[in-house]
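Novice: I have a structure here, written as structure tokens, and I will follow up with some questions on it.
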Amino acid sequence: GVNYAIILAGGIGSRFWPLSRQSEPKQFLNLCSNRSMIEDSIHRISGLVKRENIYIATNRIHRRKIKNCLKKFTLPLKNILFEPQGKNTFSPIAVLSKQINDMDPDAVITVLPCDHFIKHIPKFLKLLNKAMGVAKQGYIVTLGITPVRPETGYGYIKIDPKAKIQNTKIYKVDKFVEKPDFDTAKKFLKYKNYLWNTGTFIFKAVTFLGAIRRLAADIYGGLKDMRKIDKRYEMLPDISVDYAIMEKAYDIYCVKSSYPWEDIGSFDSLKKVLKIEVRR
Numbered sequence: 005g006v007n008y009a010i011i012l013a014g015g016i017g018s019r020f021w022p023l024s025r026q027s028e029p030k031q032f033l034n035l036c037s038n039r040s041m042i043e044d045s046i047h048r049i050s051g052l053v054k055r056e057n058i059y060i061a062t063n064r065i066h067r068r069k070i071k072n073c074l075k076k077f078t079l080p081l082k083n084i085l086f087e088p089q090g091k092n093t094f095s096p097i098a099v100l101s102k103q104i105n106d107m108d109p110d111a112v113i114t115v116l117p118c119d120h121f122i123k124h125i126p127k128f129l130k131l132l133n134k135a136m137g138v139a140k141q142g143y144i145v146t147l148g149i150t151p152v153r154p155e156t157g158y159g160y161i162k163i164d165p166k167a168k169i170q171n172t173k174i175y176k177v178d179k180f181v182e183k184p185d186f187d188t189a190k191k192f193l194k195y196k197n198y199l200w201n202t203g204t205f206i207f208k209a210v211t212f213l214g215a216i217r218r219l220a221a222d223i224y225g226g227l228k229d230m231r232k233i234d235k236r237y238e239m240l241p242d243i244s245v246d247y248a249i250m251e252k253a254y255d256i257y258c259v260k261s262s263y264p265w266e267d268i269g270s271f272d273s274l275k276k277v278l279k280i281e282v283r284r
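Position one of the sequence shown corresponds to residue 5 (my numbering), numbered consecutively onward.
See the structure below:
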């Protein structure tokens, strides 16, 4: 199957106020490098996915900014989903997966939040490549990071250390865990089988759409004709992909990895990134 990417760039950056405002959310700020976070994301995944197969989901209020990004990267305008309203992560992933599947029933999709700081790009791409190989066999795969501190700002993935794909560090997911309190996060650090949930998912489009049909049949019907996107979008749920699908799905595997990674969700995490960068 051909590789595709969906970059999620829909947030309005409320936790970065006053540095980011609704008109200038964090994905357009140069927080970690001399490129904006969305440009970093496109640049990073270009190692595995051709530019014309990179799709972006963003709010329609960012139309002008995204168009400027496109010029730089020669991405086709049809690859952008301009959401009429913010709907968390499930709806944009579902809509774009359907769109990609209609063109290429063999597509393998990597979903990437755009507000992540990733230090070792070659290592990251190598892990993704492994994940794509497993996704081709019909599994949903996610990337989990070995925690380096008790973190209450991230969700966790509990893996089953006994169930893994032969000769790999790819484990069956036991469950997805909500953001913990500090004491629980300290326990997770000790147990070794709890990983940070990076929100990065890899799957064949057809596998993901099958999961929607099974686990959210009412929503599946609404994806049939995406030409009337505005009307349809109103009917789609405001729900995270973890909650809608991942927590209920049976066959999910997780690539266990460790590299400097932060979700740039707040000034606090930005501080940690700057420390990593300064230590270089």
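Note that beta-carbon positions come from the ideal geometry of N, C-alpha and C, so glycine has one too.
Curious, which full-length alpha helix (DSSP H) runs of at least 4 residues does the segment 37–122 contain?
Specialist: Runs of the alpha helix (DSSP H) inside the segment 37–122: 41–49, 67–77 and 94–107.
Novice: Counting Cβ pairs, one atom from each stretch, are 3 or more of them under 8 Å apart for the segment 162–175 and the segment 246–265?
Specialist: The segment 162–175 vs the segment 246–265: in contact.
Novice: Can you tell me which residues form a DSSP beta bridge with Asp164?
Specialist: Against the sequence shown, residue 164 aligns to sequence position 160. Its beta-bridge partners are Lys176.
Novice: On a CA-only basis, which of Ile125, Asp246, Ala61 and Arg68 is nearest Val145? Give me that one, please.
Specialist: Counting from one through the sequence shown, the residue named residue 145 turns up at place 141. For the residues Ile125, Asp246, Ala61 and Arg68, the minimum Cα distance to Val145 belongs to Asp246.
Novice: With a CB to CB cut of under 7 Å and the five nearest residues on each side skipped, what residues in its chain are close to Phe180?
Specialist: The sequence position of residue 180 within the sequence shown is 176, counting from 1. Within the same chain, Phe180 has close Cβ partners Gly159, Ile161, Asn201, Asp246, Met250 and Glu251.
Novice: Quick check on DSSP: helix, strand or coil for Ile169?
Specialist: Residue numbering aside, residue 169 sits at position 165 when the sequence shown is read from its first letter. Correct three-state label for Ile169: coil.
Novice: Please tell me whether Val115 and Ile104 are closer than 7 Å, where the distance is taken between their beta carbons.
Specialist: Your numbering for residue 115 matches position 111 in the sequence shown. Your numbering for residue 104 matches position 100 in the sequence shown. It is not a contact, given that the beta carbons lie outside the stated cut-off.
Novice: Of the residues Tyr143, Phe186, Phe192 and Ser95, which one's Cα is nearest the Cα of Asn168?
Specialist: Here residue 168 is taken as the residue at index 164 of the sequence shown, counted from 1. According to the sequence provided, residue 168 is Lys. The question's Asn does not apply to it. Answer by Cα proximity: Tyr143.
Novice: Rounding to the nearest angstrom, what Cα-Cα distance links Ala139 and Pro154 in this structure?
Specialist: Residue 139 sits at position 135 when you count from the first residue of the sequence shown. Residue 154 sits at position 150 when you count from the first residue of the sequence shown. So the two alpha carbons sit approximately 30 Å from each other.
Novice: Out of Glu43, Ile84 and Ala221, which one is the CA nearest neighbour of Phe77?
Specialist: Stepping through the sequence shown from its first residue, residue 77 is reached at position 73. Residue Glu43 is the option with its Cα nearest to Phe77.
Novice: Could you tell me the boundaries of the alpha helix (DSSP H) in which Lys194 lies?
Specialist: Numbered from 1 along the sequence shown, position 190 holds the residue referred to as residue 194. Here the alpha helix (DSSP H) through Lys194 covers Phe186 to Tyr195.
Novice: Taking 6 Å as the limit between beta carbons, can you name the residues of its chain near Leu203, skipping five residues before and five after?
Specialist: Along the sequence shown, read from residue 1 onward, the residue named residue 203 stands at position 199. According to the sequence shown, residue 203 is Gly rather than Leu. Within the same chain, Gly203 has close Cβ partners Pro117.
Novice: Whole angstroms is fine: what's the gap from Arg48's alpha carbon to Ile10's?
Specialist: As a working mapping, residue 48 is identified with position 44 in the sequence shown. As a working mapping, residue 10 is identified with position 6 in the sequence shown. Roughly 13 Å between the two C-alpha positions.
Novice: How is the alpha helix (DSSP H) around Ile223 delimited, first residue to last?
Specialist: Indexing the sequence shown from 1 puts residue 223 at position 219. Run containing Ile223: Ala221 to Gly226, per the alpha helix (DSSP H) assignment.
Novice: Below 7 Å CB to CB, which residues in the same chain sit around Lys183 once its five sequence neighbours on both sides are set aside?
Specialist: Taking the first residue of the sequence shown as position 1, residue 183 is located at position 179. Closer than 7 Å at Cβ, skipping near neighbours: Thr156, Gly157, Tyr158 and Gly159.
Novice: Have a look at the DSSP bridge pairing and note the partners of Thr146.
Specialist: As a working note, residue 146 is residue 142 in the sequence shown. Thr146 pairs with Phe205 and Cys258.
Novice: Hey, Asn83 and Tyr59 are a contact pair by Cβ (cut 8 Å); roughly how many whole angstroms apart?
Specialist: In the sequence shown, the residue the question calls residue 83 occupies position 79. In the sequence shown, the residue the question calls residue 59 occupies position 55. Sure, about 5 Å apart at Cβ, within 8 Å.
Novice: In the DSSP output, what is Ala198 paired with across the bridge?
Specialist: Within the sequence shown, numbered from 1, the residue matching residue 198 stands at position 194. According to the sequence as given, residue 198 is Tyr; it is not Ala. DSSP, once it has assigned bridges, lists Lys162 as partnering Tyr198.
Novice: Please state the DSSP three-state secondary structure of Ala253.
Specialist: Residue 253 sits at position 249 when you count from the first residue of the sequence shown. Coil, per DSSP.
Novice: I'd like the list of long-range same chain contacts for Asn133, defined as Cβ closer than 7 Å, with 5 residues on each side in sequence excluded.
Specialist: Here residue 133 refers to the residue found at position 129 of the sequence shown. Here the set comprises Leu52.
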